[in-house]
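*Asks:* Chains as they are written, first to last, in my numbering: chain X, 1 to 383; chain C, 384 to 461.
Just passing along the structure, written as structure tokens.
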């Protein structure tokens, strides 16, 4: 049975904002480049893979246009699915187009993103303005995005619910020294509508059931407001290598609170560039999350999505790039070409969500853990 | 009283001076000192197609979202 993630719309909006001028300082248009990526995520009974193609081209001196095609092919027999539904396959296709217009020290951007799958459609419009200041040492970016989602059910053509999302962002990129660049981002997101997953259930203790518990549909609040503050600093080491540190604090009206940290080391050698990254995320889950409710309709709002549980995740990512076309010896109109292979190992320890496949006594099942491999192979061309 | 009068002159003068200074901040990292910042290894988002994918991976599996996006790579060195 399909298992859409209503939060995908949020991802789209974030992607739309990412595609804006904030990705470069305002007085320079983004590089003209094309990327073709193969991505693969495998873990916890889920396999998701597919391509992504991104092309960016300058038109005249002050306009840059960008297009992206992205496909997720999903084959899922995840822990949620095997305990309450049936394994399924699904496709999600995403298109986006955008433009950046440069005028003096100001860049204005507009983006449109559309994501379509059999039971979930998401559309996002975003606008942003970046201003370069203080001798190009500072860039201030203001962004806004509006998203509209339509949630359906594969087994009920009449089922249709709406979500509306609004993102408000402010970003500051600051060069502090000739070796250090930093950025600060503050983002508020509001959701209103049908925010839970139409397929997912919560379990509650039920003495009349032979297994000791039963299921009922989950029920989330109709609104959510979240605030996130992120800080990054990238430093050029005394030799040719870079070290980056990141931190993000997140909190929302569902009482989720998290800290995310990452450290990245980048080391080039001739045409090769090696990087290693460690990322750590720790969160307190939503107030209405329970692995096992004491009875049916025990609380006003109920959820058992493992993403809303208390959890800790960590990722190690290794990445290797090789420049097969270098700036000095371009091929025709191509100035540079690069191939990159990245391998990520993700581990998630859930502190409340239990593994019901073990057959242990009710409420004493072992806590669930997830291990996944994340593979990316991509070619990048600059022209 | 004298101090208050002095303050009425000095504070606006300092404010005015400060504000006018904002328009003419002398860049403390000169354009010719930005070669390291211009190195591709210093880009905050050197591979946008990859970072968008990873952002998607994490936001689908964790409760948090946002706070990473608006600022990114580049240093105004070109």
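Idealized CB from N, CA, C, for every residue including glycine.
1. Excluding sequence positions up to five away, which residues of its chain have a Cβ less than 6 Å from the Cβ of residue 244 of chain X?
2. From this set, X:308, X:103, X:381 and X:181, which residue's C-alpha is nearest residue 237 of chain X's C-alpha?
3. Exposed or buried, which one is residue 413 of chain C when buried takes at least 16 other CB atoms within 10 Å?
4. Determine the DSSP secondary structure at residue 158 of chain X, reduced to helix, strand or coil.
5. Got a sec, what are the start and stop residues for the beta strand (DSSP E) residue 51 of chain X sits in?
6. Which residues in chain C have a C-beta closer than 9 Å to the C-beta of residue 219 of chain X? List them in chain order.
7. Take the Cβ of residue 57 of chain X as the centre, count every other Cβ of all protein chains shown within 10 Å, and call the residue buried at 16 or more, exposed below.
8. Residue ranges of each beta strand (DSSP E) run of no fewer than 3 residues wholly in the stretch 85 to 168 of chain X, ordered along the chain?
9. Quickly, what does DSSP pair residue 317 of chain X with across the bridge? List them, please.
10. Determine, using beta-carbon pairs with one atom in the stretch 300 to 311 of chain X and one in the stretch 322 to 329 of chain X, whether at least three such pairs fall under 8 Å.
11. Can you check whether the C-beta of residue 236 of chain X is within less than 8 Å of a C-beta belonging to chain C?
12. Quick check on the DSSP output: the alpha helix (DSSP H) that includes residue 433 of chain C runs from which residue to which?
13. What are the boundary residues of the beta strand (DSSP E) that residue 242 of chain X is part of?
14. Once DSSP output is grouped into helix, strand and coil, what is the label at residue 415 of chain C?
15. Between X:92, X:66, X:62 and X:229, which lies nearest to residue 74 of chain X when the distance is taken from Cα to Cα?
16. Which residues mark the beginning and the end of the beta strand (DSSP E) in which residue 188 of chain X is found?
17. In the stretch 142 to 157 of chain X, which residues sit with their C-beta less than 9 Å from some C-beta in chain C, listed in chain order?
18. Should residue 217 of chain X and residue 301 of chain X be called a contact, given that it needs their Cβ atoms to be closer than 8 Å?
19. Pick from X:381, X:214 and X:240: whose alpha carbon is nearest that of residue 337 of chain X?
20. Can you find a C-beta in chain C that's less than 8 Å from the C-beta of residue 301 of chain X?
21. According to DSSP, simplified to helix, strand and coil, what is residue 329 of chain X?
22. Below 7 Å CB to CB, which residues in the same chain sit around residue 159 of chain X once its five sequence neighbours on both sides are set aside?
23. Do you know offhand how far residue 175 of chain X's Cα is from residue 130 of chain X's?
24. Taking just the CA atoms, how far does residue 62 of chain X sit from residue 79 of chain X?
25. Identify which residue in X:232, X:84, X:38 and X:284 has its Cα closest to the Cα of residue 432 of chain C.
26. I think residue 191 of chain X touches residue 165 of chain X, with their Cβ atoms under 8 Å apart; what is that distance to the nearest whole Å?
27. Can you check whether the CB of residue 163 of chain X is closer than 8 Å to the CB of residue 188 of chain X?
28. What does residue 137 of chain X touch in chain C if you count any residue whose Cβ is under 7 Å from its own?
29. Can you round the beta-carbon distance between residue 94 of chain X and residue 436 of chain C to whole angstroms, since I take them to be within the 8 Å contact cut?
30. Closer than 7 Å between beta carbons: that is the criterion. Which residues of the stretch 201 to 232 of chain X meet it against chain C?
*Replies:* Inspection of the coordinates gives the following:
1. 234 and 264
2. X:181
3. exposed
4. strand
5. 46 to 59
6. None at all; the shortest Cβ gap to chain C is about 17 Å.
7. exposed
8. 88 to 103, 106 to 117, 120 to 133 and 138 to 153
9. X:277 and X:344
10. no
11. yes
12. 431 to 442
13. 242 to 252
14. helix
15. X:92
16. 180 to 193
17. 142 and 143
18. no
19. X:381
20. no
21. helix
22. 152, 153 and 198
23. 15 Å
24. 50 Å
25. X:38
26. 5 Å
27. no
28. 410 and 412
29. Contact flag wrong, Cβ pair sits at about 11 Å.
30. 226, 228, 229, 230 and 232
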